[in-house]
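Q: Got a structure for you, written out below as structure tokens; questions coming shortly.
Residue numbers (my numbering), protein chains in the order written: chain A, 4 to 147; chain B, 86 to 348; chain C, 655 to 784; chain D, 124 to 787; chain E, 213 to 544.
Given below as structure tokens:
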């Protein structure tokens, strides 16, 4: 994915039970999305600590997306409800600090939604690419 | 204690009794009804549409005046009470509506601070029926009295919050306190035909007859109401069932009815 | 649905605060309505017709002036739809049109008798005119 | 420092066509900790697994990374391979370069570049892996069933038949529940007592079942396999062992004016009573609210007439402690109160009744001996109106009824209508419905029979008002199909009241740390795939405590819950998932934040003595995770402000390392 | 001028020491200057008479000190709590951070505290002494023997100008009159920032946060930051850093700190009070409080003991993270 010649780096946190399986399904169905998206498997979206997200930005990520089971379908019954509150708060704060809204996203993707996974990643990568390099939250010293 | 009082147009005119007996009885019970200055007619019915602002201003004026005195606002007429209470509720809960009203009114904004009581609520919740019972000098023993609530006292329940809207007891309990026997019948909260009597008196008559029949079957000897329009419709039904204002009976029980008649 | 119908529908739901989609079509409003037999369109039909955008017949119907606003349907509706508020909104749309008052001052004297309370007259005016 | 081996799989051409596997294995050789790296056509094949095993032995590997298909596919395979070679299975990480790389990217340079990055992330993670050993806990081979209705009875019988001891705790003096109050059952119209009472006898006689009637669960401690339960046995003032159930006392007791709850207050019982003839245990109980002897020490008739000498006015509440491996909740339901629906005049006329009251009215053992007589005057009704959905399917904001469909009312109302027409064909029966919902075997046929064979008038519409007048009930309703308002003079009105979970369910859920929905129904671990388990391990759900259910459904769920319990009790030990949370006591604040987000109640607190940096000691409150209960979601790790809480297998450090590897 | 006098407080403390109710008194003591008041533990009437201070600079919130002091001291401690301190007191109790039985809390009224930065704006640097004279402060500088009179009202701290409550939500005993919770305008500043463009916001925060010297004063004073070990001090946390290495890290520190105290922060304002660089750190916390109120319903941390903080709670109808912006944009 390139927009104006910029290839973004995107970290996707996917919960093991729904979204990671959804990503696998996208693969099974050969639905392509940009290779800029790198997936990290977590047991549940509620395992995603805001520190991980900031760390990714610090180390040069241009966008971070968190995927979990649809509300009500969490393997652990309530994990994604906590994710929803935590990320709503974190994203609001990043926006308050002047960070581009499009660099963060939460999406609910079930194990059956391979097509949604691919479409989401395509859309997210395009939006992030359009923003260009993550200057605001990036740590120049850590980037090689 | 002193409370602000909104009499309403009909109580100054066709329903003077309702007003006079209410004042007299209240005095006996230690409450002075202080009439709001320059009150204007409430309009008779509450227009539910939330873009109707001007029709609700007279209620807000009365509410503001009571607020300025730090008094609750009391009315006896069920219709006035309904309009004022619903308006106050809208001022409390509909910020957009409240801002429009406050724009009209100017000066100090009003946000629904006033407590709105119907006269019956005042007796039940502030004075207390025990107190009423204690002041009864002329118990109405043996009288079988059926309370007619109509629609406006109780509904919409989410706003009016007066009593169980389907099986109310506020009037029955007062009837008991006055020493009489309340008659419970299911149609006591059904509509008498209301203002449609203007255009279609036959219809109002049918509705009123249903109510009276139901009360009669339950053994009622007299109907009481707090609404002049209800009383009118029930009387126009042309039966031999007497229909009186609840305040009239109250004044009788408290021994102040004759005083008013002599004047 | 035509844009005009849609506009009217949105206007009515905005004015009344009623969401006709909440209706589960049980008919309790019409089961409880004291003015049912006076009406051509009954409370549940108001809800259903506003929901489908079929509002014109309601605007022209005398049923608008038969609703007593007794709130029986409002209190008893299991879904919290509040049909009476919708009827009121339709009626307001009808009478707010120029010259569309349902009652005029000239009509009143014929309706009066010695006992009629002022309340009835002001209420009727508020309901029937703009 | 780890010694890591990397194994890149071609998966035939599935991976190799888009990813230069050689380049990947070469690139990963340079990563820290990697001492061996290779690639092979099919790593999951026997030959491929042998490559891994040999490399572990030869290079003394402490961790391995397999770059292959999704871990959801073969993580278990490669963990077994590692274990077979003597390596802890949790030292294996998978880089998913098939589903999430070769299959979704088109050209080789892109695929290869990404595969290398994914491999690096896996290597970075393995560098921080630690061997994990699943914990084991013993299982107490005894089950507790809370609630003795048909759900609890069936669950208890099934567990007991499999050879495990079961205790039933029932708060009423007898088991039997709602089903014992019913007359006939749909859709077969066989009598409820005829099919229920034999089961009650089976329960009473089963060598593996104990019944604690007139008892409640007071306290629950522990966790799956190891619950410690305190049962409160209310004083019934009758020695259960001595009482023969002869009933002499219940005939002689002078206090005759006690509303009989079994008949929903439609007749009276004595202060000492046996709820019904087939009660189990068939033992008398004294109602302390009405007994003259207990209230003012005057009477003692029952003690005089009891030949067995079973009466004991000094009996006290008793507390019983027992250990259980599994707990089944079967607390059932009740009809809701009709107080907020008095437009139907339930509180204004005796002849407006609920459906459960109607069951007692038509029951041969009921207050009218099965004759359909009006409660007010004992006359035969000629017109009966049934109202469906009273309090069901209501808007939540109206705060009057329940949002859900109570599910059973359509069918039992059809049954009631049919029972009436069967006994009294001349009676006019109206049923007002919003929708007739009959999904179930032979259900719609049953309802159609009511209409077509029995001539029940089904009217689409709702009753708006019931007016008692004289000896009739004036019913005002809408007929939506005819577009008419109906006015019916009825003699009896029957309300199909919504059902709600028993009031005891909410406090019980708190004791069990089991979750509930906003309607107080117990939540299942998964709505589709684990419908009889609660999210709290070792707690199972049976019957209407989980949601409205009819008898066939309740019985099947009861059996399903029993099979889950049997599966649990059949194990001697429980092996846990080792990827669970653990708290670093030195950093823990004891603030309870983690406990609040834990869906399983796995976190408890204890006061512990610590040596402080200034060499004094202090007592601090610290969290401790029960490894048998934690499921490893990680919600607590983020809630914890100090970072004391971490998740094994997905530690903060491991995930950070993956982030760093990807973003490098 | 405060409603309660120093003498009244000393008398109360001495009486409670004398009758054995408490063994220690947690109070204020003069620091190097008249305005840098520090917390101190007193054990005798003599110590109190000598060093106890109560004036318009006694802003320090004592609640946090109870965590360490109750653990260390072997007797009951008297603590004086201003209304805003009582919220922190409750919040710490909710989190089981100290033993309530070891504390005797006396609620005292507060008329707002002075901000030394504002005093310096009037009088300049080099303040040698400050004395309270009625409703004014008499400030003497090293440059001038004649004290400058400054009305306390004109130098009230921002947090006091936007005081949220004069009501004590926890105490064993109350001195003076209890007040009410107030309708403050404390979110106005946040709303102003929200109304800016992202670029303006970024510039604002870059300007503020770039001054951070990572002295950790905000963390050390914060009554919500009572962790046994802070993640930023923990070498295994992955985010440890002792000093600001680059512009990002201050942000990381401050965002994470705000996030960790979100739903627990009582908005006492201590962070901004102690910041030597005058960074308006409370605006980060208030942003979270404002969001919580708007997204999940009004919530005041510490208003009652045992309440469930919004971030460890949920409803099935919560708004989606993507909707937080829509919501603000339509509100704006």
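We treat Cβ as the ideally placed atom computed from N, Cα and C, and that holds for glycine.
Quick test of your reading: residue 356(D) and residue 269(D), contact by CB under 8 angstroms. State the CB separation rounded to the nearest angstrom.
A: Here residue 356(D) corresponds to residue number 233 of the fourth chain, with the count starting at 1. Here residue 269(D) corresponds to residue number 146 of the fourth chain, with the count starting at 1. In fact, because the Cβ distance is near 14 angstroms, the residues do not count as touching under 8 angstroms.
Q: When you compare each of 564(D), 570(D) and 483(D) to residue 556(D) by their alpha carbons, which one comes out closest?
A: Position 433 of the fourth chain, counted from the first residue, corresponds to residue 556(D). The candidate whose alpha carbon is nearest that of residue 556(D) is 570(D).
Q: Per the DSSP calculation, residue 507(E) is bridged to which residue(s)?
A: The residue you call residue 507(E) lines up with position 295 of the fifth chain. Looking at the DSSP assignment, residue 507(E) forms no beta bridge with any residue, so it has no partner.
Q: By DSSP, does residue 169(D) sit in helix, in strand, or in coil?
A: Taking the fourth chain and counting its residues from 1, the one referred to as residue 169(D) is at position 46. Reduced to three states, the DSSP call for residue 169(D) is helix.
Q: Listed in chain order, which residues of the region 430-443 of chain E have Cβ atoms closer than 9 angstroms to some Cβ of chain D?
A: 436, 437, 438, 439, 440, 441, 442 and 443
Q: Below 8 angstroms between beta carbons: does that hold for residue 552(D) and residue 543(D)?
A: The residue labelled residue 552(D) in the question sits at position 429 within the fourth chain. The residue labelled residue 543(D) in the question sits at position 420 within the fourth chain. Contact flag set, yes.
Q: According to DSSP, simplified to helix, strand and coil, what is residue 430(E)?
A: Here residue 430(E) refers to the residue found at position 218 of the fifth chain. DSSP, reduced to helix, strand and coil, places residue 430(E) within a helical segment of the structure shown.
Q: Return helix, strand or coil for residue 642(D), following the three-state DSSP convention.
A: As a working mapping, residue 642(D) is identified with position 519 in the fourth chain. In the structure shown, residue 642(D) sits in coil (DSSP, three-state: anything other than H, G, I, E or B).
Q: Kindly indicate which three-state DSSP category residue 384(E) falls into: helix, strand or coil?
A: Translated into the one-based positions of the fifth chain, residue 384(E) becomes position 172. In the structure shown, residue 384(E) sits in coil (DSSP, three-state: anything other than H, G, I, E or B).
Q: Can you check which of these residues, 173(D), 206(D) and 220(D), is closest to residue 196(D) by C-alpha distance?
A: Here residue 196(D) is taken as the residue at index 73 of the fourth chain, counted from 1. Residue 220(D) is the option with its Cα nearest to residue 196(D).
Q: Just how far apart, CA to CA, sit residue 243(D) and residue 38(A)?
A: One-based indexing of the fourth chain puts residue 243(D) at position 120. One-based indexing of the first chain puts residue 38(A) at position 35. Taking the straight line from one Cα to the other gives about 15 angstroms.
Q: Cβ closer than 8 angstroms: which chain D residues qualify as neighbours of residue 31(A)?
A: In the first chain, counting from the first residue as 1, residue 31(A) sits at position 28. Going along chain D in sequence order, the residues near residue 31(A) (Cβ under 8 angstroms) are 222 and 226.
Q: Tell me which residues share the same chain as residue 214(B) and place their Cβ nearer than 6 angstroms to its Cβ, disregarding the 5 neighbours each side in the sequence.
A: Position 129 of the second chain, counted from the start, is the residue given in the question as residue 214(B). Excluding positions up to five away in sequence, the list reads 258 and 262.
Q: Please list the partners that residue 90(A) has in chain E, where partner means a Cβ-to-Cβ separation under 8 angstroms.
A: Counted from its first residue, the first chain places residue 90(A) at position 87. Going along chain E in sequence order, the residues near residue 90(A) (Cβ under 8 angstroms) are 533.
Q: So the candidates are 696(C), 656(C) and 670(C); which of them puts its Cα closest to the Cα of residue 744(C)?
A: Counting from one through the third chain, the residue named residue 744(C) turns up at place 90. For residue 744(C), the closest of 696(C), 656(C) and 670(C) by C-alpha to C-alpha distance is 670(C).
Q: Mapping DSSP to helix, strand and coil, what is residue 282(B)?
A: On the second chain, residue 282(B) is found 197 positions in, with the first residue counted as 1. It is helical.
Q: Assign residue 526(D) to one of three DSSP states: helix, strand, or coil.
A: Here residue 526(D) refers to the residue found at position 403 when the fourth chain is read from its first residue. Coil.
Q: Do residue 637(D) and residue 451(D) come within 8 angstroms of each other at the CB atom, strictly closer than that value?
A: The residue labelled residue 451(D) in the question sits at position 328 within the fourth chain. The residue labelled residue 637(D) in the question sits at position 514 within the fourth chain. Their beta carbons are not under 8 angstroms apart, which means residue 451(D) does not touch residue 637(D) by this criterion.
Q: Between the region 678-696 of chain C and chain D, which residues of the former have CB atoms less than 8 angstroms from a CB of the latter, in chain order?
A: For the region 678-696 of chain C, the set of positions with a beta-carbon nearer than 8 angstroms to some beta-carbon of chain D reads 678, 679, 680, 681, 682, 683, 684, 685, 686, 687, 690, 691 and 696 in chain order.
Q: State the beta-bridge partners of residue 111(A) as determined by DSSP.
A: Here the question's residue 111(A) lines up with position 108 in the first chain. In DSSP, residue 111(A) forms a bridge with 71(A).
Q: Quick one, which of 284(D), 181(D), 616(D) and 346(D) has its alpha-carbon nearest residue 262(D)'s?
A: Residue 262(D) sits at position 139 when you count from the first residue of the fourth chain. Answer by Cα proximity: 346(D).
Q: Using a beta-carbon distance cut-off of less than 9 angstroms, what residues from the region 97-114 of chain B approach chain C?
A: 97, 98, 99 and 100
Q: Counting only C-beta atoms, is residue 733(C) closer than 8 angstroms to chain D at any point?
A: What you label residue 733(C) is simply residue 79 of the third chain in a count that begins at 1. Answer yes: the Cβ-Cβ gap between residue 733(C) and chain D drops below 8 angstroms somewhere.
Q: Determine, for residue 716(C), whether the minimum Cβ-Cβ distance to residues of chain D falls below 8 angstroms.
A: By one-based count along the third chain, residue 716(C) stands at place 62. By this cut-off, residue 716(C) is not an interface position.
Q: For residue 76(A) versus residue 113(A), is the C-beta distance shorter than 8 angstroms?
A: Along the first chain, read from residue 1 onward, the residue named residue 76(A) stands at position 73. Along the first chain, read from residue 1 onward, the residue named residue 113(A) stands at position 110. Yes, these two residues count as a Cβ contact at 8 angstroms.
Q: Report the three-state DSSP secondary structure of residue 17(A) (helix, strand or coil).
A: Walking along the first chain from the start, residue 17(A) turns up at place 14. In the structure shown, residue 17(A) sits in a strand (DSSP, three-state: E or B).
Q: Report, in whole angstroms, the separation of the C-beta atoms of residue 482(E) and residue 302(E), which I expect to be a contact under 8 angstroms.
A: Stepping through the fifth chain from its first residue, residue 482(E) is reached at position 270. Stepping through the fifth chain from its first residue, residue 302(E) is reached at position 90. For a cut-off of 8 angstroms, the C-beta gap from residue 482(E) to residue 302(E) is around 16 angstroms, too long to register as a contact.
Q: Strictly below 8 angstroms CB to CB, what residues from chain B border residue 286(D)?
A: Your numbering for residue 286(D) matches position 163 in the fourth chain. Under the 8 angstroms cutoff, chain B gives no residues; its nearest Cβ is about 55 angstroms from residue 286(D).
Q: Taking the runs of the alpha helix (DSSP H) that are 4 residues or longer, which of them lie wholly in the region 303-372 of chain E?
A: 328-335
Q: Tell me which residues share the same chain as residue 329(E) and place their Cβ nearer than 7 angstroms to its Cβ, disregarding the 5 neighbours each side in the sequence.
A: By 1-based counting over the fifth chain, the position of residue 329(E) is 117. 490, listed in sequence order.
Q: What distance in whole Å lies between the Cβ atoms of residue 151(B) and residue 89(B), which are believed to be in contact at a cut-off of 8 angstroms?
A: Working through the second chain from its first residue, we reach residue 89(B) at position 4. Working through the second chain from its first residue, we reach residue 151(B) at position 66. Going by Cβ atoms, the distance from residue 89(B) to residue 151(B) rounds to 4 angstroms, so yes, they are a contact pair.
Q: Is residue 758(D) near residue 71(A), with beta carbons less than 8 angstroms apart?
A: As a first step, residue 758(D) is located in the fourth chain; it is residue number 635 there, counting from the start. As a first step, residue 71(A) is located in the first chain; it is residue number 68 there, counting from the start. No. Outside cutoff.
Q: Within 10 angstroms of the Cβ of residue 185(D), are there 16 or more other Cβ atoms? Answer buried if so, exposed if not.
A: Translated into positions along the fourth chain, residue 185(D) becomes position 62. Buried, because 16 or more other Cβ atoms sit within 10 Å of the Cβ of residue 185(D).
Q: For residue 305(E), is the classification buried or exposed, using 16 other Cβ atoms within 10 angstroms of its Cβ as the cut-off for buried?
A: For the purposes of this step, residue 305(E) is taken as residue 93 along the fifth chain, with counting starting at 1. Classification for residue 305(E): buried.
Q: Helix, strand or coil for residue 680(D) per DSSP?
A: Taking the first residue of the fourth chain as position 1, residue 680(D) is located at position 557. Here DSSP, grouped into helix, strand and coil, assigns residue 680(D) to helix.
Q: Can you tell which of 145(B), 135(B), 251(B) and 156(B) has its C-alpha closest to the C-alpha of residue 119(B)?
A: Residue numbering aside, residue 119(B) sits at position 34 when the second chain is read from its first letter. The option with the nearest alpha carbon to residue 119(B) is 156(B).
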